[in-house]
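The numbering of the sequence shown is my numbering, which starts it at 70 and goes up by one. We put the CB at the ideal spot given by N, CA and C, even for glycine.
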Amino acid sequence: MNSTTQQAPALPEARRVPEPLPGKSGTGRRKGNRAPQQSFRSRLRRDKQMLLMMLPGIAFLLLFFYIPILGNVIAFQDYQPYLGIGDSLFVGWQNFVDLFGNPDFIHAFWNTLYLAAWQLVFLFPVPLVLALIVDSLISTRIRRIFQSIAYLPHFLSWVLVIAFFQQMLGGAGFVNNLLRDMGMDPIPFMTNPETFPLMVVVQMIWKDAGWAMIIFLAALASIDASLYEAAAADGAGRWRRMWHITLPGLRPVIVLLLILRIGDILSVGFEQFILQRDAVGAGAAEVLDTFTYYTGVVGGGWSSGAAAGLAKGVVSALLIYGANKLAHRFGEDGIFAKQAR
Numbered sequence: 070m071n072s073t074t075q076q077a078p079a080l081p082e083a084r085r086v087p088e089p090l091p092g093k094s095g096t097g098r099r100k101g102n103r104a105p106q107q108s109f110r111s112r113l114r115r116d117k118q119m120l121l122m123m124l125p126g127i128a129f130l131l132l133f134f135y136i137p138i139l140g141n142v143i144a145f146q147d148y149q150p151y152l153g154i155g156d157s158l159f160v161g162w163q164n165f166v167d168l169f170g171n172p173d174f175i176h177a178f179w180n181t182l183y184l185a186a187w188q189l190v191f192l193f194p195v196p197l198v199l200a201l202i203v204d205s206l207i208s209t210r211i212r213r214i215f216q217s218i219a220y221l222p223h224f225l226s227w228v229l230v231i232a233f234f235q236q237m238l239g240g241a242g243f244v245n246n247l248l249r250d251m252g253m254d255p256i257p258f259m260t261n262p263e264t265f266p267l268m269v270v271v272q273m274i275w276k277d278a279g280w281a282m283i284i285f286l287a288a289l290a291s292i293d294a295s296l297y298e299a300a301a302a303d304g305a306g307r308w309r310r311m312w313h314i315t316l317p318g319l320r321p322v323i324v325l326l327l328i329l330r331i332g333d334i335l336s337v338g339f340e341q342f343i344l345q346r347d348a349v350g351a352g353a354a355e356v357l358d359t360f361t362y363y364t365g366v367v368g369g370g371w372s373s374g375a376a377a378g379l380a381k382g383v384v385s386a387l388l389i390y391g392a393n394k395l396a397h398r399f400g401e402d403g404i405f406a407k408q409a410r
């Protein structure tokens with residue numbers, strides 16, 4: 070037999086040399102239990118279909134959210150529309166100095182915080198309570214009917230919502246006509262500045278609480294049902310199971326939504342307030358969004374309006390960062406986990 074064609078005897082199983090793993094160094098040596106890293110090109114080829122599906126969303130974000138950010142440069146200019154951004158005079162921080170010295174802006178800022186506190190205290194827990202009620206309903210048919218009724222107002226515009234409340238609680242609305250028929254004085258539900266924060270919260274609960282309930286229902290569905298069965302076998306009642314299983318299971322979602330709500334705390338709304346501003350007055354309904362609109366668009370103070378919007382965005386970003394750091398300090402994941410699990 071020719072020696073070049075003679076094959077070497079097979080090595081025993083224990084003496085076989087492992088095949089090199091793909092890696093940057095080419096040695097394929099494992100470090101601990103870490104999975105082998107794929108190259109950037111390999112990951113691109115692997116995920117190319119997902120990346121192609123993301124392209125329309127990325128283009129939408131770039132066109133309508135990131136490129137318009139460049140327009141905030143007019144907050145540092147004495148912007149004149151007929152001159153454009155390129156020829157308008159650069160004034161540095163002067164617009165911000167004027168803004169924080171403007172009593173109308175200070176009033177709108179504190180009014181926004183006051184209304185946001187009302188929404189945070191009274192609006193935030195309602196979707197959680199609704200989700201717990203829906204989850205406790207035994208009949209699937211009743212649960213679907215309740216969910217459909219709760220979702221429906223979210224699809225109505227604020228114009229229709231305010232018109233509905235006006236028809237029900239306005240001066241010539243159903244409730245006040247009923248009070249007149251009973252010989253009682255009408256109540257100015259829609260025009261009283263003192264009760265306006267409560268009216269705003271009630272309108273938001275009616276419109277969006279059912280829609281916000283979806284997230285908590287999804288979180289409830291992810292809780293292992295065997296935990297409830299084991300707790301019930303040990304004699305735990307409904308409230309004990311809710312306290313020790315349901316609420317701990319919902320805690321990461323509650324923390325995440327609370328952080329996002331705190332970051333969005335200066336955006337209490339625009340359409341809802343501008344539609345009722347004339348009825349209750351600017352003293353009660355002026356918030357940062359309406360101040361920016363009336364200062365920049367109606368009053369022609371484009372630079373002051375841009376400065377107000379930019380200051381609001383910076384404060385919101387800082388609030389999200391601070392709330393996320395606080396969540397990490399208490400051992401929660403927050404918006405993102407500090408370490409991959």
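- Secondary structure at residue 206: coil, using DSSP grouped into helix, strand and coil.
- With respect to the 8 Å criterion, residue 328 and residue 393 are classified as neighbours on the basis of their beta carbons.
- Residue 153 counts as exposed, since fewer than 16 other C-beta atoms from the protein chains shown sit within 10 angstroms of its C-beta.
- For residue 314, the CB contacts under 8 Å within the same chain, skipping 5 residues up- and downstream, are 292, 296, 297 and 300 in chain order.
- Cα atoms of residue 231 and residue 225: separation of roughly 10 Å, rounded to the nearest angstrom.
- C-alpha of residue 268 to C-alpha of residue 312: approximately 32 Å in a straight line.
- Straight-line measurement puts the Cα of residue 144 at about 8 Å from the Cα of residue 162.
- Of the residues 281, 155 and 252, the one whose Cα lies closest to the Cα of residue 326 is 281.
- Fully enclosed alpha helix (DSSP H) runs of no fewer than 4 residues occupy 153-156, 163-169, 172-187, 194-205 and 209-220 of the segment 151-234, in order along the chain.
- By the neighbour-count definition (other C-beta atoms within 10 Å, threshold 16), residue 252 is an exposed residue.
- The bridge partners DSSP lists for residue 147 are 158.
- Contact check between the segment 206-221 and the segment 275-289: three or more CB pairs, one atom from each, fall below 8 Å, which counts as touching.
- For residue 283, the secondary structure class from DSSP, reduced to helix, strand or coil, is helix.
- Under the DSSP assignment, residue 109 falls in the alpha helix (DSSP H) whose first and last residues are 109-115.
- With respect to residue 219, residue 360 sits apart: the two C-beta atoms are not nearer than 8 Å.
- Rounded to the nearest whole angstrom, the CA to CA distance from residue 309 to residue 187 is 30 Å.
- Following the DSSP letters along the chain, one finds residue 313 in no alpha helix (DSSP H), marked with neither H nor E.
- Taking a 10 Å sphere around the C-beta of residue 355, we find 16 or more other C-beta atoms and assign the residue as buried.
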